[in-house]
Amino acid sequence: MATFTTKHAVTTARISTQKSSCKSFSQASSRMEAKTVVGRRAALPAQRLSSISSSITGKAVKTPAAVSNSNARSLTLEVVAAGAPLGRKLRVAVVGGGPSGACTAETLAKGGCETFLIERKMDNCKPCGGAIPLCMVDEFDLPDEIIDRKVTKMKMISPSNREVDVGRTLSETEYIGMCRREVMDDFLRRRAESYGATLVNGLMMSLEKPSTRDGVYVLNYNDYSTGSKVGTPAKMEVDVIVGADGANSRVAKEIDAGDYDYAIAFQERMRITDEKMEYYKDLAEMYVGDDVSPDFYGWVFPKYDHVAVGTGTVINKKAIKQYQDAIRERSKNKCGDGKIIRVEAHPIPEHPRPRRVQDRVALVGDAAGYVTKCSGEGIYFAAKSGRMCAEAIVEQSQGGTVAVDESDLRIYLDKWDRKYWATYKVLDILQKVFYRSNPAREAFVEMCADEYVQKMTFDSYLYKTVVPGNPLDDLKLLGNTIGSIVRANALRREMSKIA
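Numbering of the sequence shown is given in our numbering, commencing with residue 746 and proceeding in unit increments.
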């Protein structure tokens, strides 16, 4: 959510982006070695769980039990050339059951494709701040029951602990939704299932590629539907595969999608007193400073009955616990000595992978690298990329009736790059300018006090669109930005002399 000053950056970058075509993202770097630390699923109160389930099917959602994979076992699929009638439904496996995978599966199933959604942990709780923009609530028809908190106020806190209140420009109906991933992901998976997708409790192990151009893929996975801790080996034949299996994507490795820079995010969920929870009921905090992160930010986000306190870094992953200690120290006067109820860590991609489509395999969400720099936002882009990918498959397969090839999947990729290329580049620039030193971070927080900056930034974040601003205000903002950067550079030089 740290996209303050995005509007100005987008405005100044627009000239260069209009002169050049949207290029595919490309950048290779170190391999991911971070592991996920997750805990048990936090239970919803019975009345809320019932309400969520009724919004999907009108029935109570059962606790995720063993999912029968009898329909997902290997079949002998007839090989059909791209563009030719199948004589059956197009068969698609979606690997990964987070927002990107669930939204992919839902759109595919609604569009007429035979869809299998493969997820190892049906009660998965991915480490995540859980913030979603307002436009996602309407666009993806999310019920109020899965939104823990509606944040209408934010505090940006500088390295010197200067606090700037943000959110004064929001209307009474505008807010940032705060969700728990274990709740939202389960809702999205169950909704996909209600439209006809088959949920498969399994873990992909390997992929056998077709021996001919139009052949089928054989997906080897471990089936956990029987309750076995090690799983039972199983196979599945499909026409198309969508990799939605996160930053450590096995699908991406199978198609040699290339590596990328990644941040390691670390988060502790803390239960605090009712009095302190009241303070955070509609408030989120973001801390910047090289004590909490050398290239990112720390946060305190409110959840249903607790807060999430975390931070992240790209350039010094080994020190992540040191930075976590720092964010807890900075926020201790407000959070107090809260009880830690869950500790979580996860890699976050820093830019899209060099290859996101190969033959009839496509990547979406974190597997594709769709997390924005500066803000670390990924939930909306995960869901959106999954839907866009599925829409391209449904359209090009004529509702799942004809075969597709790589050119059909690339339609999704071309649309995605045209729509979001500038957003990723601008936020990359913002991170390099404002997160490089404490003086620059002080300038960043100073700019966030400007109401025009707040309005343009919130409009861009909440609705995922750049709203044209007032030219005079844009010019004033440009001057303020330059002034802030100049002061930050001067302060940095003076500090280096003292050091």
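For every residue, glycine included, the Cβ atom is placed at its ideal position computed from N, Cα and C.
Check: Chain-order list of residues whose beta-carbon lies under 6 Å from that of asparagine 1061 (same chain, five-residue window excluded); Outcome: Pro1039
Check: Closest by C-alpha distance to asparagine 906, when choosing among Arg1075, Tyr1157, Gly1131, Phe1203; Outcome: Arg1075
Check: Pairwise C-alpha distance: valine 1052 and glutamine 1085; Outcome: The identity of residue 1085 in the sequence shown is isoleucine, whereas the question assumes glutamine. C-alpha separation (whole angstroms): 10 Å.
Check: Those runs of the alpha helix (DSSP H) which lie wholly inside the segment 829–895 and span at least 4 residues; Outcome: 844–855, 879–884
Check: In DSSP terms, what phenylalanine 1011 is bridged to; Outcome: Thr1056, Ala1090
Check: One or two residues paired with methionine 950 in a DSSP bridge; Outcome: Answer is none; methionine 950 lacks a bridge partner.
Check: Bridge partners - asparagine 1078, DSSP secondary structure assignment; Outcome: BP columns for asparagine 1078 are empty, so no partner.
Check: Member of Arg913, Gly912, Ile892 whose CA lies at the smallest distance from the CA of arginine 702; Outcome: Residue 702 lies beyond the range of the chain shown here (746 to 1244); nothing can be said about it.
Check: Sheet register partners of leucine 1028 (DSSP bridge); Outcome: Lys898
Check: Continuous alpha helix (DSSP H) stretch holding phenylalanine 1041: start and end; Outcome: Unbroken run through phenylalanine 1041: none, as it is neither H nor E.
Check: Spatially closest choice to valine 1088 from Val840, Phe1011, Asp1050, by CA coordinates; Outcome: Phe1011
Check: Opposing strand residues paired with threonine 943 [DSSP bridges]; Outcome: Phe861
Check: Range of the contiguous alpha helix (DSSP H) that encloses leucine 1172; Outcome: 1151–1179
Check: Within 9 Å, strictly: CB atoms of valine 985 and leucine 835; Outcome: yes
Check: Where the beta strand (DSSP E) containing leucine 1247 begins and where it ends; Outcome: Lying before the first or after the last residue shown, residue 1247 is absent from the chain, which here runs from 746 to 1244.
Check: Neighbourhood of alanine 1247 by C-beta distance below 7 Å, restricted to the same chain and skipping five residues each side; Outcome: The structure shown does not extend to residue 1247, since the chain is modelled only from 746 through 1244, so no value can be given for it.
Check: Secondary structure of alanine 937, DSSP reduced to three states; Outcome: helix
Check: Buried/exposed call for methionine 950, threshold 16 Cβ in 10 Å; Outcome: exposed
Check: Three-way DSSP call (helix, strand, coil) for proline 1097 in this model; Outcome: coil
Check: Of the residues Leu933, Trp1161, Ala1185, the one placed nearest glycine 1114, counting alpha carbons only; Outcome: Trp1161
Check: First and last residue of the uninterrupted beta strand (DSSP E) at leucine 1207; Outcome: No beta strand (DSSP E) holds leucine 1207; the alpha helix (DSSP H) holding it covers 1196–1208.
Check: Where aspartate 1159 falls, given that 16 or more other Cβ within 10 Å makes a residue buried; Outcome: exposed
Check: Distance between beta carbons of aspartate 1027 and alanine 1071, contact taken as under 8 Å; Outcome: Their Cβ separation, rounded to whole angstroms, is 26 Å, which puts alanine 1071 and aspartate 1027 out of contact at 8 Å.
Check: Same chain only: Cβ atoms within 6 Å of isoleucine 921, ignoring 5 sequence neighbours per side; Outcome: Ala876, Val896
Check: Euclidean distance between Cα positions of lysine 1129 and leucine 1207; Outcome: 14 Å
Check: 9 Å Cβ cutoff met for glycine 841 and alanine 989; Outcome: yes
Check: Selection from Leu853, Leu887, Gly843, Pro978 that minimises the alpha carbon distance to glutamate 1136; Outcome: Leu853
Check: Glutamate 908, enclosing alpha helix (DSSP H) - first and last residue; Outcome: Counting along the chain, glutamate 908 falls outside any alpha helix (DSSP H), though it belongs to the beta strand (DSSP E) covering 908–911.
Check: Selected residue, minimal CA-CA separation from valine 1045, among Arg934, Gln1141, Tyr1024, Asp1204; Outcome: Tyr1024
Check: Nearest residue (CA-CA) to glutamate 1122, options Thr977, Gly1110, Met1015; Outcome: Gly1110
Check: Beta-carbon proximity check, alanine 997 vs leucine 1108, cutoff 9 Å; Outcome: yes
Check: Residue burial classification, aspartate 886 (beta-carbon count within 10 angstroms, cutoff 16); Outcome: exposed
Check: Straight-line gap, proline 1092 to arginine 1073 (C-alpha atoms, nearest Å); Outcome: 20 Å
Check: DSSP-derived helix/strand/coil call for asparagine 1061; Outcome: coil
Check: Start-to-end residues for the beta strand (DSSP E) that takes in tyrosine 1049; Outcome: No beta strand (DSSP E) holds tyrosine 1049; DSSP gives it neither H nor E.
Check: Proximity to aspartate 1173 [Cα-Cα], best of Thr1202, Met1133, Lys1118; Outcome: Lys1118
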